[in-house]
Amino acid sequence: MLATPTAREINLLTDLFEDYTFRVVLFGTSIIGACSGGVGCFAYLRKQSLIGDVISHSSLLGIMVLFLLSYLLTGTGSKSLWILMPGALLAGTSALLLTRLLFNHTKLKSDTSLGVMLAIFFGSGVMLLRWVQRASDPVIPGRRGLNDYLFGMAAAMTTDDLWMIGSLAIAATLTLMLCWKEFKIYVFDSTFTHSIGYRTTLIDNLLLITLVIAIVIGIQAVGVVLMIALLITPASTARQWTKSLGSMVILSAMIGVFSCAVGCTISANYANMPTGPVIVLVATAIFLFSLLFAPQRGIIARALARRKYSLSIDRHQPSEEVI
58 MLATPTAREI NLLTDLFEDY TFRVVLFGTS IIGACSGGVG CFAYLRKQSL IGDVISHSSL
118 LGIMVLFLLS YLLTGTGSKS LWILMPGALL AGTSALLLTR LLFNHTKLKS DTSLGVMLAI
178 FFGSGVMLLR WVQRASDPVI PGRRGLNDYL FGMAAAMTTD DLWMIGSLAI AATLTLMLCW
238 KEFKIYVFDS TFTHSIGYRT TLIDNLLLIT LVIAIVIGIQ AVGVVLMIAL LITPASTARQ
298 WTKSLGSMVI LSAMIGVFSC AVGCTISANY ANMPTGPVIV LVATAIFLFS LLFAPQRGII
358 ARALARRKYS LSIDRHQPSE EVI
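Residue numbers (my numbering): 58 to 380.
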């Protein structure tokens, strides 16, 4: 039997939802989970998880460049998402464009080109981060907390950040809705998409920009290192339970929201439990459960199906006696 929640547990949850900071973090991360879960399905089906990793890690360089630029212009480095987010978007997009340029004009393979760009952008971002943190002459105001962009700091989310995250998530969602038919055809057969008259280059660019947005909005909460997990894990989980792209996207978004909500609640109830890693662990636990127990694609279901097939073959096998 399922245990009913105690009065103490109910009061604890009530107190949490009365806390303004918790509500901001909960809504913000839930928006991130829904957006990354939905968009992540296209990255998963296109086998572009490495591209997502490059975007996520490359954005650190854009964040640091805009932070330093705000310091040069105002005398204080700003950590507002309205200032840092354009830098992250620009860095992620630039990394993809340079990857494509490197692939088209050299003999390097696609994954090698992605690895080169990841090393250059992420390495440069970490170098600037360490320089800013250790600079003593002059000491750069506002540098405290920049290290949180590596692994995320959802508790630092403000109402202004929530508006920025929500605006970009709406833009990504509208792009998916308006280009749904084109994205759907392109994801499953890009050659056929081109043959029926669609501009595949434009579709690919729109899909990549949507992917960049879905990744960048989650960097503050989850961090550049773990953001790829929040992009791919819900999509991988949803794939175990669904047969159509539409149901996969909806379920993946729901899993993303659920993982973020549970992760935020756990992190708020236990001290020294970072929100971003907990969210990723919750999503991973759901994936492992689905990998085992999904009714058609799960490991147990497939093992039972193979066993059933083997038994049916044995029953219909002809006798070895030769008449």
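From the three backbone atoms N, C-alpha and C, an ideal C-beta is built for every residue, glycine too.
Taking 8 Å as the upper bound for CB-CB distance, LEU283 and PRO352 are not in contact here, some 30 Å apart.
SER127 is not a Cβ neighbour of ILE108, given a cutoff of 8 Å.
Beta-carbon to beta-carbon, MET214 and ALA278 are separated by about 7 Å, close enough to satisfy the 8 Å threshold.
Excluding five sequence positions before and after LYS241, the CB atoms of its chain that fall closer than 7 Å to its own CB belong to LEU302, given in chain order. With 16 or more other Cβ atoms inside 10 Å of its own Cβ, THR322 counts as buried. In the three-state reduction of the DSSP assignment, ILE274 falls in the coil class. Around the beta carbon of THR133, fewer than 16 other beta carbons sit within 10 angstroms, so the residue counts as exposed.
The beta carbon of ALA358 lies closer than 7 Å to those of ALA351 and PRO352 in the same chain, with the five residues before and after it left out.
The region 179 to 194 makes no contact with the region 253 to 261: fewer than 3 CB pairs, one atom from each, lie closer than 8 Å. DSSP, reduced to helix, strand and coil, places ARG200 outside both helices and strands of the structure shown, so it counts as coil. Exclusion of the five residues before and after LEU147 leaves GLY119 as the residues of its chain whose Cβ lies within less than 8 Å of its Cβ. At the C-beta level, LEU219 and PHE99 stay beyond 8 Å of one another. ILE307 places its beta carbon 8 Å or farther from that of GLY97. Sixteen is the threshold: when 16 or more other Cβ atoms of the shown chains lie within 10 Å of the Cβ of VAL273, as they do, the residue is buried. Pairing LEU185 with LYS365, the inter-Cα distance amounts to about 59 Å. Within the region 106 to 180, the runs of alpha helix (DSSP H) at least 4 residues long that lie entirely inside it are, in chain order, 106 to 131 and 138 to 162.
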